[in-house]
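As structure tokens, the structure follows; a few thoughts come after it.
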Ligand code: TYD
């Protein structure tokens, strides 16, 4: 199973992924954790570009979109192999991030034609103001209007693509319980 967690910067994905891996291990699942951008050379370049103050400019965003698509192409093989070996793959972001952070949905879909769709996508939804406070300057896209737009696009996409939407403004344990509630029937366990 390929599970993806999505959400704006500061929505708490990393914390929830750590808790989720532990729970999956406890119920007997072997897990592979992946994240986008990856640790590949392309991923390293992406992180460098994301740190630049020009990251939201249109031409930079187009370059980013192409690099993100290249970066995830490499990741797909790793995900397929893990799935074939019966592992649960938890991904911190997937091509849906490109659909909401970068522009021109049609073009983004084309360049991500070979990206596998996750079996389950969970959106950690959070007020932009709260998310920015949590980031405390670490955020790549610090522009509040940009992030508000990203959040709106996530919520639109969630309806179209049947994401599970979880309120990430609740405490860490409540959010974790909500994620378990979504996933436990998929693994035939009770919580
Ligand atoms: P993030 O999950 O915040 O990583 P970290 O916690 O290591 O900083 O992701 C990095 C940034 O990349 C985030 O601001 C969203 C952005 N991003 C895109 O713009 N497009 C994409 O396709 C992906 C995967 C990420």
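In the working numbering, the protein residues as written are 2 to 192.
Positions of the beta carbon are idealized from the N, C-alpha and C atoms, including for glycine.
Remember, predicted model here, so these are calculated numbers, not experimental data.
Cut-off 7 Å between Cβ atoms - residues of its own chain near residue i, not counting five sequence neighbours on either side
| i | result |
| --- | --- |
| residue 109 | 66, 99, 100, 103 |
| residue 149 | 129 |
| residue 17 | 6, 125, 176, 177, 180 |
Limits of the unbroken beta strand (DSSP E) element including residue i
| i | result |
| --- | --- |
| residue 136 | Unbroken run through residue 136 is the alpha helix (DSSP H), 129–136; no beta strand (DSSP E). |
| residue 17 | Careful: residue 17 lies outside any beta strand (DSSP E), inside the alpha helix (DSSP H) at 14–27. |
| residue 3 | 3–7 |
| residue 91 | 89–93 |
| residue 121 | 121–126 |
| residue 36 | 32–36 |
Residue i Cβ short of 6 Å to the ligand MN heavy atom set
| i | result |
| --- | --- |
| residue 12 | No copy of the ligand MN appears in this structure; the ligands present are the ligand TYD. |
DSSP three-state assignment for residue i, whether helix, strand or coil
| i | result |
| --- | --- |
| residue 1 | The structure shown has nothing for residue 1, since the chain only spans 2 to 192. |
| residue 178 | helix |
| residue 193 | The structure shown does not extend to residue 193, since the chain is modelled only from 2 to 192, so the question has no answer here. |
| residue 62 | helix |
| residue 73 | helix |
| residue 83 | helix |
| residue 78 | helix |
| residue 187 | helix |
| residue 142 | coil |
Cutoff 8 Å; reference residue i; Cβ partners in own chain excluding five residues on either side
| i | result |
| --- | --- |
| residue 77 | 115, 116, 117 |
| residue 79 | 33, 35 |
| residue 131 | 11, 170 |
| residue 178 | 192 |
Contacting residues, own chain, Cβ-Cβ under 6 Å from residue i (five flanking each side not counted)
| i | result |
| --- | --- |
| residue 147 | 57 |
| residue 184 | none |
Residue range of the unbroken alpha helix (DSSP H) whose run includes residue i
| i | result |
| --- | --- |
| residue 45 | 42–51 |
| residue 106 | 106–112 |
| residue 155 | 145–161 |
Distance between beta carbons of residue j and residue i, contact taken as under 8 Å
| i | j | result |
| --- | --- | --- |
| residue 155 | residue 122 | Not really, about 10 Å apart at Cβ, beyond 8 Å. |
| residue 176 | residue 167 | 6 Å |
| residue 28 | residue 119 | Rounded, the Cβ-Cβ distance is 19 Å, inconsistent with contact. |
| residue 94 | residue 22 | The Cβ separation is near 16 Å, so there is no contact. |
| residue 135 | residue 9 | Actually they do not touch by this definition, with Cβ atoms about 10 Å apart. |
| residue 89 | residue 31 | 7 Å |
| residue 50 | residue 43 | Not really, about 10 Å apart at Cβ, beyond 8 Å. |
| residue 159 | residue 124 | 5 Å |
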